[in-house]
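K.L.:
These protein sequence lines are chains A and B, in that order.
Numbering of the first sequence is given in the working numbering, commencing with residue 5 and proceeding in unit increments.
Numbering of the second sequence is given in the working numbering, commencing with residue 148 and proceeding in unit increments.
Could you have a look at this structure, given as structure tokens, before my questions?
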Amino acid sequence: MSDARTFSSPLDTQSVRADFPILSRVLANDFPLVYLDSANSSQKPRQVVAALEEHYLQHNANVARAMHQLGAEATAAYEGGRDKVAAFIGATNRDEIVFTKNASEALNLAAHTLGASLKPGDEVVISEMEHHSNIVPWQLACERTGATLRWFGVTGEGRLDLSNIEELINERTKIVSLTWVSNALGTINPITSIAEKAHAVGAVMVVDASQAVPQFPVDVSTLGADLLAFTGHKTVGPTGIGVLWGRYDLLASLPPFLGGGEMIEVVRMTGSTYAPPPARFEAGTPPIAQSVGLGAALDYLAGIGMDKIAAHEQAITAYALEGLQTVPGLKILGPTDTVDRGGAISFELDGVHPHDVSTVLDTRGIAVRAGHHCARPVHERFGMQSSTRASFYLYTTPEEIDALVDGLGFVRSFFKVD
Amino acid sequence: MQLDSLYQEIILDHYRSPHHAGLADPYDVEVHHVNPSCGDEVTLRVELDGDVVTGVTHQSVGCSISQAATSVMSDLVIGKQVIEGMATYEKFLELMQGRGNVEPDEEVLEDGVAFAGVAQFPARVKCALLGWSAWRDATAQALAKKEGATNV
Ligand SMILES: Cc1ncc(COP(=O)(O)O)c(C=O)c1O
Chain A
5 MSDARTFSSP LDTQSVRADF PILSRVLAND FPLVYLDSAN SSQKPRQVVA ALEEHYLQHN
65 ANVARAMHQL GAEATAAYEG GRDKVAAFIG ATNRDEIVFT KNASEALNLA AHTLGASLKP
125 GDEVVISEME HHSNIVPWQL ACERTGATLR WFGVTGEGRL DLSNIEELIN ERTKIVSLTW
185 VSNALGTINP ITSIAEKAHA VGAVMVVDAS QAVPQFPVDV STLGADLLAF TGHKTVGPTG
245 IGVLWGRYDL LASLPPFLGG GEMIEVVRMT GSTYAPPPAR FEAGTPPIAQ SVGLGAALDY
305 LAGIGMDKIA AHEQAITAYA LEGLQTVPGL KILGPTDTVD RGGAISFELD GVHPHDVSTV
365 LDTRGIAVRA GHHCARPVHE RFGMQSSTRA SFYLYTTPEE IDALVDGLGF VRSFFKVD
Chain B
148 MQLDSLYQEI ILDHYRSPHH AGLADPYDVE VHHVNPSCGD EVTLRVELDG DVVTGVTHQS
208 VGCSISQAAT SVMSDLVIGK QVIEGMATYE KFLELMQGRG NVEPDEEVLE DGVAFAGVAQ
268 FPARVKCALL GWSAWRDATA QALAKKEGAT NV
């Protein structure tokens with residue numbers, strides 16, 4: 005067993021866990037579930053599932069285009085989700101919230117619409133630590149337009165390498181798109197100061213907040229971002245919904261993304277005019293129940309308090325960093341202290357491939373992620389093909405971290421590495 | 148979900164010292180296959196003499212299951228006719244997709260029977276098939292190449 009170490013968090017994890025029935029599951033061979041894969045997708049509290057059920061069983065209809073009473077209820081429910089998202093991230097105008105199907109679609113929307121005005125000679129700046137969802141859409145936009153893709157490197161410690169920022173963000177830069185929190189390294193990037201540099205040269209600042217919105221309070225009114233993307237299923241909300249927030253005047257200047265129902269003003273066979281944001285970017289029947297579920301999820305998180313959730317995440321991450329560093333042959337990818345660091349820890353275990361680590365942990369009920377976590381370039385940067393990742397959330401307990409550390413000891417003895 | 152059924156000693160032996168590892172010359176075709184969801188990669192070379200597999204060599208990065216399966220696969224196909232190798236693949240595939248309900252044929256699969264336990268770990272079946280998919284692709288290309296050459 006690992007030594008008892010100190011742990012203190014402002015959250016009452018036991019009462020939080022009571023809201024998540026899945027966390028009480030007992031898996032194969034009588035091992036209780038230890039869910040350490042929340043950066044991949046978080047679990048859902050009863051409150052979110054109840055809101056989805058209530059919506060589907062009592063208020064279901066299409067939105068806007070349905071003129072009957074249920075249509076009005078469904079529209080109010082869908083738009084209510086938009087109000088909740090706006091309030092949660094500090095947006096002053098509800099029309100700045102565009103619903104998509106996930107963060108990937110939100111980033112593709114950004115790359116297509118912002119990217120439409122790129123020309124040869126223009127530059128787009130990303131980083132080596134991005135999720136593939138914030139790399140590939142920009143590669144495609146650059147291929148379409150002849151613009152050049154450039155990127156920040158990553159230091160040995162797993163921080164953004166800002167040493168060449170003056171050269172990297174220059175008068176040719178049109179778009180800077182960065183992750184706020186790295187899903188592979190855990191690193192929290194200095195978005196506000198980079199946004200200042202971007203704005204100084206007239207570039208637009210896009211932020212991938214997929215791992216940020218779940219973890220700490222977000223206020224887009226002071227962040228410095230012009231567009232910001234996140235995904236519902238990582239914030240204890242349902243799958244099938246993502247968010248693109250944008251400054252209203254910027255959104256209003258962008259061309260449509262997908263064409264279809266509800267995104268138009270007038271359609272003639274010779275051409276159409278488009279609705280103002282957010283409708284311009286929401287072609288077709290939107291994720292209605294998912295908006296209701298996301299609203300309930302954000303209410304749930306706000307009810308607990310994002311500052312407390314952030315403090316818990318810090319405490320559990322510190323506890324895990326300490327525990328993992330007691331495992332012989334274990335190397336952490338990214339910062340090894342909690343300064344500017346979120347709650348996802350990727351690591352390598354000498355002599356055992358990450359798949360084998362995760363399979364052995366899985367037989368003990370411990371769910372982690374193994375692979376490149378959709379961030380292959382940053383693994384390549386560290387000369388690795390893949391890693392094992394443990395990630396935490398408001399329901400994670402120190403006992404679960406102890407189970408992970410013990411499990412890794414078992415992995416080492418099973419594969420006879422010493 | 149029994150670990151010992153997944154990680155049989157034979158598998159761990161092949162993992163620790165894979166057979167036919169290291170790319171050899173000469174060869175007819177080289178392919179590079181990846182498992183995009185996890186990042187496992189294998190580079191594999193095939194040499195045929197007529198319709199007989201005379202050489203298979205490989206170099207890979209990946210987990211114990213994928214490395215061991217590639218090693219066992221090489222043993223199984225080298226020296227065999229292509230159609231025999233393909234038939235062995237069908238048997239192995241059937242075992243992998245059998246969810247633990249297929250009795251492996253040791254006559255055909257030899258050390259490959261050790262992978263029976265993999266079928267109970269659906270996430271790992273792709274690992275066991277990576278080397279096979281590389282071999283099938285390289286062999287098909289090598290045959291097509293020879294076909295092309297004789298038709299000239
Ligand atoms: C940093 C980051 N960006 C983008 C995504 C993509 O989210 P989704 O798959 O919901 O589109 C993820 C999660 O997988 C992520 O961690």
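Glycine included, C-beta positions come from ideal geometry on N, C-alpha and C.
Predicted, not measured: the structure shown is a model, and the values here were computed from it.
Is any heavy atom of ligand 1 found at a distance shorter than 7 Å from the C-beta of threonine 191(A)?
P.N.:
On the first sequence, position 187 is the one that residue 191(A) refers to. Every heavy atom of ligand 1 is 7 Å or more from the Cβ of threonine 191(A), so no.
K.L.:
Let's test the definition: count the other Cβ atoms within 10 Å of the Cβ of methionine 243(B) and tell me whether it reaches 16, buried, or not, exposed.
P.N.:
Here residue 243(B) corresponds to residue number 96 of the second sequence, with the count starting at 1. So methionine 243(B) counts as buried.
K.L.:
Along the beta strand (DSSP E) that carries glycine 246(A), what are the first and last residues, could you check?
P.N.:
Counted from its first residue, the first sequence places residue 246(A) at position 242. 246-250 is the extent of the beta strand (DSSP E) around glycine 246(A).
K.L.:
Residues of chain A with CB closer than 8 Å to the CB of serine 184(B), please, in chain order.
P.N.:
Against the second sequence, residue 184(B) aligns to sequence position 37. Here the neighbours are Gly375.
K.L.:
Between the alpha carbons of isoleucine 370(A) and proline 282(A), how many angstroms are there, rounded?
P.N.:
For the purposes of this step, residue 370(A) is taken as the residue at position 366 of the first sequence. For the purposes of this step, residue 282(A) is taken as the residue at position 278 of the first sequence. Isoleucine 370(A) and proline 282(A): Cα-Cα distance of roughly 41 Å.
K.L.:
Histidine 116(A): beta carbon under 7 Å from a heavy atom of ligand 1?
P.N.:
What you label residue 116(A) is simply residue 112 of the first sequence in a count that begins at 1. No, Cβ of histidine 116(A) sits at least 7 Å from all heavy atoms of ligand 1.
K.L.:
Give the DSSP bridge partners of methionine 209(A), in chain order.
P.N.:
On the first sequence, residue 209(A) is found 205 positions in, with the first residue counted as 1. Val180(A).
K.L.:
Mind checking if histidine 135(A) is an interface residue toward chain B, Cβ cutoff 8 Å exclusive?
P.N.:
By 1-based counting over the first sequence, the position of residue 135(A) is 131. Histidine 135(A) does not count as touching chain B.
K.L.:
In chain order, which continuous runs of the alpha helix (DSSP H) of length 4 or greater are located wholly inside the region 42-124 of chain A?
P.N.:
Entirely contained in the region 42-124 of chain A, the alpha helix (DSSP H) runs reaching 4 residues are, in chain order, 50-58, 73-93, 107-119.
K.L.:
Helix, strand or coil, according to DSSP, for valine 217(A) in the structure here?
P.N.:
Against the first sequence, residue 217(A) aligns to sequence position 213. Coil, per DSSP.
K.L.:
Can you say whether tyrosine 60(A) is buried or exposed, counting buried as having 16 or more other CB atoms within 10 angstroms of its CB?
P.N.:
Taking the first residue of the first sequence as 1, we reach residue 60(A) at position 56. Counting Cβ neighbours within 10 Å, tyrosine 60(A) comes out exposed, since fewer than 16 surround it.
K.L.:
Please report whether the beta-carbon of threonine 363(A) lies at a distance below 8 Å from any beta-carbon of chain B.
P.N.:
Looking up residue 363(A) in the first sequence gives position 359. Threonine 363(A) counts as touching chain B.
K.L.:
Just checking: is the beta-carbon of aspartate 16(A) within a distance shorter than 8 Å of some beta-carbon in chain B?
P.N.:
The sequence position of residue 16(A) within the first sequence is 12, counting from 1. Answer no: the Cβ-Cβ gap between aspartate 16(A) and chain B never drops below 8 Å.
K.L.:
Which chain A residues sit within Cβ distance under 9 Å of valine 208(B)?
P.N.:
Here the question's residue 208(B) lines up with position 61 in the second sequence. Result: His357, Gln389, Ser390.
K.L.:
Cutting at 7 Å between CB atoms, please list the residues of its own chain near histidine 166(B), excluding the five before and the five after it.
P.N.:
Within the second sequence, residue 166(B) is the residue found at index 19, counting from 1. Taken in chain order, the residues that qualify are Ser218, Ser221, Asp222.
K.L.:
What does isoleucine 349(A) pair with, by DSSP beta-bridge criteria?
P.N.:
On the first sequence, position 345 is the one that residue 349(A) refers to. Answer by DSSP bridge pairing, in chain order: Ala394(A).
K.L.:
With distances taken Cα to Cα, identify the nearest neighbour of glycine 160(A) among Arg385(A), Tyr397(A), Gly411(A), Gln62(A).
P.N.:
Numbered from its first residue, the first sequence carries residue 160(A) at position 156. Selected option, being the one with the closest Cα: Arg385(A).
K.L.:
With distance defined between alpha-carbon atoms, name the residue in Glu326(A), Ala188(A), Leu302(A) nearest to lysine 88(A).
P.N.:
What you label residue 88(A) is simply residue 84 of the first sequence in a count that begins at 1. Measuring from the Cα of lysine 88(A), the nearest candidate turns out to be Leu302(A).
K.L.:
Compute the minimum distance between the beta carbon of threonine 183(A) and the heavy atoms of ligand 1, and state whether it is under 7 Å.
P.N.:
Within the first sequence, residue 183(A) is the residue found at index 179, counting from 1. Yes - ligand 1 has a heavy atom lying nearer than 7 Å to the Cβ of threonine 183(A).
K.L.:
Pull the bridge partners of tyrosine 39(A) from the DSSP assignment, please.
P.N.:
On the first sequence, residue 39(A) is found 35 positions in, with the first residue counted as 1. Paired residues: Ala371(A).
K.L.:
What number of angstroms, rounded off, separates the C-alpha of threonine 117(A) from the C-alpha of proline 259(A)?
P.N.:
Within the first sequence, residue 117(A) is the residue found at index 113, counting from 1. Within the first sequence, residue 259(A) is the residue found at index 255, counting from 1. Straight-line Cα distance between these residues: approximately 6 Å.
K.L.:
Can you pull the chain A neighbours of arginine 271(B), defined as C-beta to C-beta under 8 Å?
P.N.:
Against the second sequence, residue 271(B) aligns to sequence position 124. Going along chain A in sequence order, the residues near arginine 271(B) (Cβ under 8 Å) are His359, Thr363.
K.L.:
Check the Cβ of arginine 380(A) against every Cβ in chain B and list those closer than 9 Å, keeping chain order.
P.N.:
Sequence index remark: in the first sequence, residue 380(A) carries index 376 (1-based). Neighbours of arginine 380(A) on chain B, chain order: Gly186.
K.L.:
What I want to know is whether the C-beta of glutamine 294(A) ends up closer than 7 Å to one or more non-hydrogen atoms of ligand 1.
P.N.:
As a working note, residue 294(A) is residue 290 in the first sequence. No, the beta carbon of glutamine 294(A) sits no closer than 7 Å to any heavy atom of ligand 1.
K.L.:
Is the beta carbon of threonine 342(A) less than 8 Å from the beta carbon of leucine 328(A)?
P.N.:
Within the first sequence, numbered from 1, the residue matching residue 342(A) stands at position 338. Within the first sequence, numbered from 1, the residue matching residue 328(A) stands at position 324. Contact flag unset, no.
K.L.:
Taking only beta-carbon atoms, is leucine 153(B) less than 8 Å away from chain A?
P.N.:
Locating residue 153(B) in the second sequence gives position 6, counting from the first residue. Yes - at least one Cβ of chain A is within 8 Å of the one on leucine 153(B).
K.L.:
Hey, quick one: how far does the beta strand (DSSP E) through isoleucine 313(A) stretch, first residue to last?
P.N.:
The residue you call residue 313(A) lines up with position 309 of the first sequence. It is not in any beta strand (DSSP E) - isoleucine 313(A) instead sits in the alpha helix (DSSP H) that spans 310-328.
K.L.:
Can you give the beta carbon distance from glycine 162(A) to leucine 337(A), rounded, assuming they're within the 8 Å contact cut?
P.N.:
In the first sequence, residue 162(A) corresponds to position 158, counting from 1. In the first sequence, residue 337(A) corresponds to position 333, counting from 1. Their Cβ separation, rounded to whole angstroms, is 7 Å, which keeps glycine 162(A) and leucine 337(A) in contact under 8 Å.
K.L.:
Ends of the beta strand (DSSP E) at isoleucine 157(B)?
P.N.:
Position 10 of the second sequence, counted from the start, is the residue given in the question as residue 157(B). That residue, isoleucine 157(B), is in no beta strand (DSSP E); its alpha helix (DSSP H) goes 156-163.
K.L.:
Roughly how many angstroms separate the alpha carbons of isoleucine 139(A) and isoleucine 192(A), rounded to a whole number?
P.N.:
Along the first sequence, one-based indexing puts residue 139(A) at 135. Along the first sequence, one-based indexing puts residue 192(A) at 188. Taking the straight line joining both Cα atoms gives about 18 Å.
K.L.:
Beta carbon of alanine 43(A): closer than 7 Å to some heavy atom of ligand 1?
P.N.:
In the first sequence, counting from the first residue as 1, residue 43(A) sits at position 39. Flag set: Cβ of alanine 43(A) near ligand 1.
K.L.:
Between the region 257-289 of chain B and chain A, which residues of the former have a C-beta closer than 8 Å to a C-beta of the latter?
P.N.:
So the list reads Phe268, Ala270, Arg271, Cys274, given in the order they occur along the chain.
K.L.:
Taking 7 Å as the line, does the beta carbon of histidine 167(B) fall inside it for any heavy atom of ligand 1?
P.N.:
Your numbering for residue 167(B) matches position 20 in the second sequence. Histidine 167(B) Cβ: outside cutoff for every heavy atom of ligand 1.
K.L.:
My parser needs the alpha helix (DSSP H) runs of 4 or more residues fully inside the region 206-243 of chain B; what are they?
P.N.:
Counting whole runs of 4 or more residues, the region 206-243 of chain B contains the alpha helix (DSSP H) stretches 211-224, 229-243.
K.L.:
Evaluate methionine 209(A) with the Cβ neighbour count: other Cβ atoms within 10 Å of its Cβ, from every protein chain shown; 16 or more gives buried, anything less gives exposed.
P.N.:
Position 205 of the first sequence holds residue 209(A). Buried, by the Cβ-count rule.
K.L.:
Can you name the start and end residues of the alpha helix (DSSP H) that threonine 226(A) belongs to?
P.N.:
Here residue 226(A) refers to the residue found at position 222 when the first sequence is read from its first residue. 224-227 is the span of the alpha helix (DSSP H), which, as asked, contains threonine 226(A).
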